[in-house]
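Asker: By numbering that gives the first Met the number 0, the letter at position 32 of the sequence shown is numbered 31, and the numbering carries on one by one without gaps.
The beta carbon of each residue, even a glycine, is placed where N, CA and C say it ideally should be.
Structure incoming, see below.
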Amino acid sequence: MAVVKIDCPECGATLKPAKPLTPGKKVRCPKCDNVFVVPGAEDEEEQEAPARKAKTAAGKASRKPAPAEEPAPPPPAKAVEDEDEGGIYGVIQQPGEEKEEEDRKPKVEYAPDLSVKNPRGPATAAVAVPSNGILGFGALLALLSVGTLCVDLWPFLFTKWSSGVLPSEAKKKYEKEHRKSGSQERQSGRRQEQTSFVDEDQVMLELQRDPDKLAKWEDMVEDDRITRIIVACCCVAALIYFVVMAYAGVQLQNLESVRWSWTACIMAMICIAGFPLGAWGYLSNEDNSTFTAFGTFLLGVITGATFPFGLWSLFLLKKPAIVEAFTYEVE
């Protein structure tokens with residue numbers, strides 16, 4: 000009689016083979032590796048023994064005993080793997096055993112770790128706008144300083160009298176200070192209206208014939224040269240200042256140096272002085288040159304516009320997360 004379920008005598012596990020097993024076959028328990036014989040063969044032999052004895056007695060009474068036959072040779076022993084006629088089988092686990100088996104398995108966490116490990120990323124994003132503002136205004140103002148320096152030195156290098164003051168301007172200013180009589184002033188005004196082009200060489204000869212006018216022109220030339228030298232020095236100083244500020248802005252943007260970052264903030268905040276300086280430059284040059292007055296005011300406004308970015312960076316550098324990003328080293 001084929002067996003569908005068997006119990007392991009060693010560990011007590013209930014085995015359920017893929018196909019029924021023949022009693023008397025040897026099987027191996029997949030749980031404890033114990034080899035045992037499938038039960039059921041002895042019980043069948045005990046039940047069939049009385050029937051065989053009765054048949055034997057009836058046969059002896061009816062016929063003579065036949066010569067005894069030689070017993071058949073026993074079949075060759077098979078390996079345990081060959082005796083396992085059930086094929087693939089599994090262990091039937093009890094409800095408690097299944098839970099214990101799951102508890103013994105290692106717990107694996109598959110959820111991704113979304114925590115921020117490198118603080119430089121968020122810190123770089125936080126200082127991107129103010130550092131770009133400091134860097135951009137520093138580079139722009141450095142270029143404007145170079146342009147202003149070139150305009151300031153142009154008369155020294157490319158004019159006939161090495162000055163920005165023309166002889167006609169000196170003559171006009173002298174005549175304005177020393178008013179003529181009404182008839183002479185009207186005649187001079189009519190001559191100026193009729194002449195659209197002023198011959199500066201002719202005016203220079205006229206100034207040389209009048210010592211007072213010549214002295215006025217020389218004074219104006221001297222003042223112009225002193226002013227241009229001062230402006231040139233200021234342009235060079237401004238160029239160095241804004242180049243350093245732009246470099247400090249790069250250090251702040253890359254989170255390379257805390258000291259340079261603080262330098263960028265302070266230098267950008269000092270630029271607020273451009274507003275009053277621009278207003279003073281406009282008012283002082285309004286009467287002499289409208290172009291110079293407007294250019295000076297524009298430079299002051301652009302310089303003062305750097306102040307908000309310096310103040311913004313100053314607040315960011317006080318945050319612990321930003322300070323930590325400067326000292327963080329990538330592993």
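One question on the structure: do F241 and L140 come within less than 8 Å of each other, judged by their Cβ atoms?
Answerer: Mapped onto the sequence shown, residue 241 falls at position 242. Mapped onto the sequence shown, residue 140 falls at position 141. Yes, Cβ-Cβ distance for F241 and L140 is below 8 Å.
Asker: Just the Cα atoms here: how many angstroms apart are I228 and A263?
Answerer: By one-based count along the sequence shown, residue 228 stands at place 229. By one-based count along the sequence shown, residue 263 stands at place 264. Cα to Cα, I228 sits roughly 29 Å from A263.
Asker: If we count Cβ pairs, one from each stretch, closer than 8 Å, do we get three or more for the stretch 121-136 versus the stretch 216-236?
Answerer: Touching, no.
Asker: Can you list, in chain order, the residues of its chain whose CB lies under 7 Å from that of L310, leaving out five sequence neighbours each side?
Answerer: As a first step, residue 310 must be located in the sequence shown, where it is residue number 311. Around L310: M268.
Asker: Using the Cβ count rule (16 or more neighbours within 10 Å means buried), how would you classify V300?
Answerer: If you number the sequence shown from 1, residue 300 lands on position 301. Exposed: under 16 other Cβ atoms inside 10 Å.
Asker: Tell me S36's beta-bridge partners as DSSP assigns them.
Answerer: Start at 1 with the first residue of the sequence shown, and residue 36 comes out as number 37. In the sequence on display, residue 36 carries Val and not Ser. Per DSSP, K25.
Asker: Which residues in the same chain as F306 place their Cβ atom closer than 7 Å to its Cβ, once the five residues preceding and following it in sequence are excluded?
Answerer: Residue mapping note: residue 306 aligns to position 307 of the sequence shown, counting from 1. Only A267, M268, C270 and I271 meet the Cβ criterion.
Asker: Give me, in chain order, the residues of the same chain whose beta-carbon lies closer than 8 Å to that of N33; leave out the 5 immediate sequence neighbours on both sides.
Answerer: Taking the sequence shown and counting its residues from 1, the one referred to as residue 33 is at position 34. So the qualifying residues of the chain are C7, P8, E9, C10 and R27.
Asker: Are the stretch 165-174 and the stretch 209-219 in contact at 8 Å, needing three or more beta carbon pairs?
Answerer: Short answer: they touch.
Asker: For L20, does the three-state DSSP call read helix, strand or coil?
Answerer: Numbered from 1 along the sequence shown, position 21 holds the residue referred to as residue 20. Here L20 sits in strand by DSSP.
Asker: With a threshold of 6 Å on Cβ separation, who are the neighbours of A138 within its own chain once the five nearest residues in sequence on each side are excluded?
Answerer: By one-based count along the sequence shown, residue 138 stands at place 139. Closer than 6 Å at Cβ, skipping near neighbours: A245.
Asker: What residues in its chain sit with their C-beta under 6 Å from that of D223, if we drop five residues either side in the sequence?
Answerer: Taking the first residue of the sequence shown as position 1, residue 223 is located at position 224. So the list reads S162, G163 and V164, once near-sequence residues are dropped.
Asker: Please classify T302: is it buried, with 16 or more other beta-carbons within 10 angstroms of its beta-carbon, or exposed?
Answerer: To locate residue 302, count along the sequence shown from 1; it is residue 303. T302 should be labelled buried.
Asker: Using a Cβ-Cβ cutoff of less than 6 Å, which residues in the same chain neighbour F308 once the five nearest sequence positions on both sides are dropped?
Answerer: Working through the sequence shown from its first residue, we reach residue 308 at position 309. The residues are P129, G132, I133 and A267.
Asker: Would P118 and A304 qualify as a contact pair, given that the criterion is a beta-carbon distance under 8 Å?
Answerer: For the purposes of this step, residue 118 is identified with residue 119 of the sequence shown, where counting begins at 1. For the purposes of this step, residue 304 is identified with residue 305 of the sequence shown, where counting begins at 1. No, these two residues do not count as a Cβ contact at 8 Å.
Asker: Is it buried or exposed, G120, if we count other Cβ atoms within 10 angstroms and call 16 or more buried?
Answerer: Locating residue 120 in the sequence shown gives position 121, counting from the first residue. Answer is exposed; the Cβ neighbour count stays below 16.
Asker: For E255 and S144, what's the separation of their Cα atoms in angstroms?
Answerer: Residue 255 sits at position 256 when you count from the first residue of the sequence shown. Residue 144 sits at position 145 when you count from the first residue of the sequence shown. Rounded to whole angstroms, E255 to S144 spans 27 Å at the Cα level.
Asker: Which residues in the same chain have their Cβ closer than 6 Å to the Cβ of F155, if we skip the five residues on either side of it in sequence?
Answerer: Stepping through the sequence shown from its first residue, residue 155 is reached at position 156. Excluding positions up to five away in sequence, the list reads S161.
Asker: Roughly how many angstroms separate the alpha carbons of A169 and W216, rounded to a whole number?
Answerer: In the sequence shown, residue 169 corresponds to position 170, counting from 1. In the sequence shown, residue 216 corresponds to position 217, counting from 1. A169 and W216: Cα-Cα distance of roughly 5 Å.
Asker: Given a threshold of 16 other Cβ atoms within 10 Å of its Cβ, counted over all protein chains shown, does P166 qualify as buried or as exposed?
Answerer: Taking the first residue of the sequence shown as 1, we reach residue 166 at position 167. P166 comes out buried.
Asker: Going by beta carbon distance, what residues of the same chain come within less than 6 Å of G280, once the five residues before and after it are set aside?
Answerer: In the sequence shown, residue 280 corresponds to position 281, counting from 1. If we look at G280 and ignore the five residues flanking it on each side, its Cβ neighbours are T295.
Asker: For G181, does the three-state DSSP call read helix, strand or coil?
Answerer: If you number the sequence shown from 1, residue 181 lands on position 182. For G181, the pLDDT reaches just 45, beneath the cut-off of 50, and the residue's location in the model is therefore unreliable, although a value from the coordinates is still provided. Residue state, collapsed to three classes: helix.
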